[in-house]
Structures are given as structure tokens and as C-alpha cells.
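S.K.:
Residue numbers (this note's numbering): 1025 to 1504.
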């Protein structure tokens, strides 16, 4: 079994195995005609269940054949232009190359003696990102597994920085369409369900600063402590961007930590055309970015950034076997001093490879393309009497609802839209997301693929309408 260990004696075997796997994936990418096969849970589960993991196949080619049957054939392929559902981007080749390298070398980014150059590369990328944001010379941060972890760490720092004699007094303010991880973080931090104050949004799904000011004042009058305001730069459902400059003013006035959840909107940091949409982000105390959303990176690749590097001390613990206190005096850089994680992948390498091959403008141009595409999609939907579209895009998301000409019952229209989404997914022809707006079911295009065209959107809209009409026709037959 030692022949399977990656080392100097097995380098050639490693080359052959990885090449064989890459060729399988490349062939699949080259021949995929739909984002999904439409396979059901009931059809795929038995194929997985029948595999006996205690009886290895002992042959790479045989394992790859099996993998084709249980995974590659039925995987959902985000690179396909008619995958329009969630915040999953197609990935750039330099980042995939970085993924292959980091997996093989397997550096752990917790301490210097496990990563060396990896530590410095990550720190360089953190400095690059904080400079793009404009957080100042004392800024810092660390890579994380994703936006949920980044938001959790940011709110942990905000909790520790808040001046209060009891956590029961702490309040977090976020818009009613902010990410669920805000409430989840509050629970994990022991703050209670009432600690998150939901602030109404306007017609464009942006936090109402008048309402925020009212809630902050009420908080102060009630003897409570405004721990943090979470402004969202790219909401998951609508791509809306909260008014960051106005929120920053209120945070200063009331002494609240300002966190900007830019997990989605961080692509604007590299934008050639639309950077001004997140003006005000430079005034944040902390920022979440997900490179694996709008920087076209493979999962996972995220970071939490802070204006004041000293606040990261709240995540620092010392262990004699790992990062003893003497290392601080010896100026040995250990990333575990900043992170909620200990063992941690060298995910920063993917972004490093991307920037060194493509440059920031290359990333920004791709993100600008999907933002432009969203405007074209908005125009398409607004001109189509079959659909109601909710809000003009700030980024690359469109939320809409099929409205039949002959049916007025909102509940029946809900069911038609739900059916259309499920039927479309089952067909494998396209994948779209769904959400609720004012209690009603809507559909969603999340546009992150520059290869998607207006024609693709038009075809998918026709498919949605066709499935919805089929449901309504069958429903009418059943009723009669």
C-alpha cells in the first residue's frame, strides 16, 4: 500500500493518475450539453448504496469508471450557460491549476513551520484585498471557508469590542433580506434570538437608513448596546447593495461596529466599470469577501478583513505545541493567530495564480460582463407580459414570477411557479433558483457565467412558461 503514498518514489504514478482523472473531467466538460441530467434521488441512491467500501477496486481506471456512473455523469455543471440558479460561478483555469498544486503539496496554513511561503502569499493577498477596499495601513484579515464563517468571525470581533457588562444587552442590526448567517452567528455567539434587529428595506431591497436610525435610537433609549450593523453589498436573493455611506455615518454616530457582507458584491473590487457601487465600504470595521462567488474561484475561497489588525486578537489562542507566545517576540508569522480554524487549506494559492496569470482587470471584466447581462435580462423580463420582475439589478441577480393571463388566484400562481422550477430541474435543460417575495413564490436567475447569453435566458423563460402552462392546464382539467 505504500505505493499509493505521494513522495519521491511515486511521482510518476502521481502524474499518470492525475492526468487520467483530468482527461476524464476534460472530456466531460467538452461534451456536456445540459447543466444536469435530471436524475432523481430515488434513481441515484441505489447506485451509491450498492457500493461496498470495504472491497476496493484496486485500479484507478476502474474507480474512474465507477465515478463516472455515480458522480460525473449526473453532477450539476456550473460552467454550463443555462445553469442560472445559485451563487455558483464557473471557475478560471489558473485557479484550478492552483487547486491541483495546493492539494498535492498539502500545506497547512496555521503555522509558519507548516507553510512558509504559503503564509506570506496569503498575507500578501490579504494586504492586496484590504488595499482594494481602502481599509488603511493597519488593516489585516485571514482566509476562511466561506461567507458564513467570515460573518461569524466578524461578529465575534464586534461582540468582543462592544463595551457592555452583559451580552444580553447587545443588538445586531441587519436588513430583512440579509444573509441567514447573521442570525445563525448571533445564536452561535450566545446572543439570543432577540439580538438581531431586522431593518426594513426599500423598493430596491436596500436597507432603509431612516428605519435603521430609528432602531438605533430606540436601542440607546432602552439602555441596550448597538453591537454591530451588518450592511450587505450584494444580497443573496436580489443582489441589492445597502447605502454604505449613510450606514457608516450612523455607525459612527451610535458607536456601532460596521460590518459589510460583500460575499457576493466583492467582485466590484476588481470591476473596471462599476466599482463606485460599493463606495463607502472603505469605512467598514470588517468586510466579508467570497472569492468563490464573484472572483471565479473554486470553493472554498473566502476572507474576513478588518480595519484594525489588533481586533483579531480576540481569535488568538496560544498552544505550546503549535504557536507558543515566544513566537510573537521572535516575529514568526502564524496565521492561526488570526483564524477560527487550526488546520487550514492553502486556498489563497488559487487567487494568487489567478492574479498572476489574468490580473485583477481580467477578473473585473468577467464580473462586469455578468452585471451587463443582468441589465439585458431585466429589459427582456420587463418587456415580457408573461412575467413580473421585482427589482432592477445592482449586480447580476434577477427575481421574477410567471403571471398567467387566465389565472388570478395568487396561490395557484405560486403552485405554477413551483411546478415550473421543479419540472425544469427534472428535465435537466436548465437550473434556476427560487425564493419568496412578500410571501409569494418567485423564481431567480443568478447570472455568474459570462458565457450565458440573452438567447439562453429567453429560451429558459419560454421553458418556464411552458411548464407553468402545462401545470395550469392539468389543474384546470382536474378541477373540471
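All residues carry an ideal CB built from backbone N, CA and C; glycine is no exception.
So, helix, strand or coil for residue 1481, using DSSP?
M.R.: If DSSP states are grouped into helix, strand and coil, residue 1481 belongs with the helices.
S.K.: Just mark residue 1213 as buried or exposed, buried being the case when its beta carbon has 16 or more other beta carbons within 10 Å.
M.R.: Residue 1213 should be labelled buried.
S.K.: Excluding the 5 residues flanking residue 1268 on each side, which residues of the same chain have their C-beta closer than 6 Å to its C-beta?
M.R.: Excluding residues within five positions, the ones whose Cβ falls inside 6 Å are 1255, 1304, 1305.
S.K.: In whole angstroms, give me the CA-to-CA distance for residue 1270 and residue 1409.
M.R.: Each residue's alpha carbon lies about 37 Å from the other.
S.K.: Restricting to runs no shorter than 3 residues, where is the beta strand (DSSP E) found entirely within the region 1137-1199?
M.R.: Taking only runs of at least 3 residues, the beta strand (DSSP E) segments lying wholly in the region 1137-1199 are 1164-1168, 1194-1199.
S.K.: Which residues does DSSP pair with residue 1330 in a beta bridge?
M.R.: The partner list for residue 1330 (beta bridge, DSSP) reads 1164, 1310.
S.K.: Go through its chain and collect everything with a Cβ distance to residue 1363's Cβ below 6 Å, but skip five positions before and after it.
M.R.: Cβ within range, chain order: 1166.
S.K.: Suppose contacts are defined by Cβ-Cβ distances below 9 Å. Is residue 1294 in contact with residue 1384 by that definition?
M.R.: Yes. Within cutoff.
S.K.: Shortest alpha-carbon distance to residue 1163 belongs to which of 1153, 1233, 1172, 1170?
M.R.: The residue with the shortest Cα to Cα distance from residue 1163 is 1153.
S.K.: Can you look up residue 1457 in the DSSP assignment and give me helix, strand or coil?
M.R.: Reduced to three states, the DSSP call for residue 1457 is strand.
S.K.: Based on the DSSP output, what are the partners of residue 1509 in its beta bridges?
M.R.: Outside the displayed span of the chain (1025 to 1504) sits residue 1509, for which this structure offers no information.
S.K.: Once the 5 residues before and after residue 1308 are set aside, which same chain residues still bring their CB inside 6 Å of it?
M.R.: Excluding residues within five positions, the ones whose Cβ falls inside 6 Å are 1282, 1284.
S.K.: Using the Cα positions of residue 1456 and residue 1465, report the straight-line distance between them to the nearest angstrom.
M.R.: The alpha-carbon atoms of residue 1456 and residue 1465 are separated by roughly 13 Å.
S.K.: Give me the Cα-Cα distance between residue 1433 and residue 1487, rounded to the nearest whole angstrom.
M.R.: Going by the C-alpha atoms only, they are around 22 Å apart.
S.K.: Among 1279, 1218, 1379, which residue has its Cα nearest to the Cα of residue 1321?
M.R.: Here the closest residue by C-alpha is 1379.
S.K.: What would DSSP say about residue 1058, mapped onto helix, strand or coil?
M.R.: Looking at residue 1058 - three-state DSSP - the assignment turns out to be coil, as it is neither helix nor strand.
S.K.: Check whether the Cβ atoms of residue 1173 and residue 1365 sit closer than 9 Å, and answer yes or no.
M.R.: The answer is yes: Cβ separation under 9 Å.
S.K.: Going along the chain, which residues of its own chain have a beta-carbon closer than 7 Å to the beta-carbon of residue 1328, five neighbours each way excluded?
M.R.: Once the five neighbours on either side are set aside, the close Cβ partners of residue 1328 are 1165, 1166, 1168, 1174, 1177, 1178, 1310, 1312.
S.K.: Which same chain residues end up closer than 7 Å to residue 1207 when comparing Cβ atoms and leaving out the 5 residues on each side of it in sequence?
M.R.: Only 1220 meet the Cβ criterion.
S.K.: Whose C-beta lies closer than 7 Å to the C-beta of residue 1348 among residues of the same chain, with five residues either side of it excluded?
M.R.: So the qualifying residues of the chain are 1342.
S.K.: Touching or not, the region 1479-1494 and the region 1138-1148, by the rule of three or more beta carbon pairs under 8 Å?
M.R.: Touching, no, given that fewer than three Cβ pairs across the two stretches are closer than 8 Å.
S.K.: Just the Cα atoms here: how many angstroms apart are residue 1337 and residue 1130?
M.R.: Computed Cα separation, rounded: 27 Å.
S.K.: Please give the ranges of any alpha helix (DSSP H) in the region 1063-1118, keeping only runs that are unbroken, at least 4 residues long and fully inside the region.
M.R.: Entirely contained in the region 1063-1118, the alpha helix (DSSP H) runs reaching 4 residues are, in chain order, 1065-1073, 1084-1091.
S.K.: Which two residues bound the contiguous alpha helix (DSSP H) that contains residue 1443?
M.R.: Element bounds for residue 1443: 1434-1451.
S.K.: Select from 1158, 1484, 1170, 1461 the residue whose C-alpha is nearest the C-alpha of residue 1299.
M.R.: For residue 1299, the nearest C-alpha among the options comes from 1158.
S.K.: Starting from the C-beta of residue 1353, find all residues in its chain whose C-beta is less than 6 Å away, skip the five residues before and the five after it, and write them out in chain order.
M.R.: None.
S.K.: Return yes when the Cβ of residue 1233 is within less than 9 Å of the Cβ of residue 1215, no when it is not.
M.R.: It is not a contact, given that the beta carbons lie outside the stated cut-off.
S.K.: Between residue 1331 and the rest of its own chain, which residues show a CB-CB distance below 8 Å, the 5 nearest in sequence each way excluded?
M.R.: The residues are 1159, 1160, 1162, 1163, 1308, 1309, 1310.
S.K.: Could you pull the DSSP bridge partners for residue 1414 from this structure?
M.R.: DSSP lists no partner for residue 1414.
S.K.: Going residue by residue through the region 1332-1363, where are the continuous alpha helix (DSSP H) segments of at least 4 residues, counting only ones entirely within it?
M.R.: Whole alpha helix (DSSP H) segments, 4+ residues: 1350-1353.
S.K.: Can you tell me which of the three DSSP states residue 1028 falls into?
M.R.: Helix at residue 1028.
S.K.: Tell me whether residue 1155 is buried or exposed, calling it buried when 16 or more other Cβ atoms sit within 10 Å of its Cβ.
M.R.: Residue 1155 should be labelled exposed.
S.K.: Using 8 Å as the Cβ pair cut-off and three pairs as the minimum, do the region 1240-1248 and the region 1445-1460 touch?
M.R.: With a cut-off of 8 Å, the region 1445-1460 and the region 1240-1248 do not count as touching, because too few Cβ pairs lie within range.
S.K.: When DSSP labels each residue in this structure, what does residue 1285 get in the three-state scheme?
M.R.: Residue 1285 falls in the strand class under three-state DSSP.
S.K.: Out of curiosity, what's the CA-to-CA distance linking residue 1407 and residue 1440?
M.R.: Rounded to the nearest angstrom, the two C-alpha atoms are 21 Å apart.
S.K.: Taking the straight line between their C-alpha atoms, what separation do you get for residue 1429 and residue 1055?
M.R.: Computed Cα separation, rounded: 39 Å.
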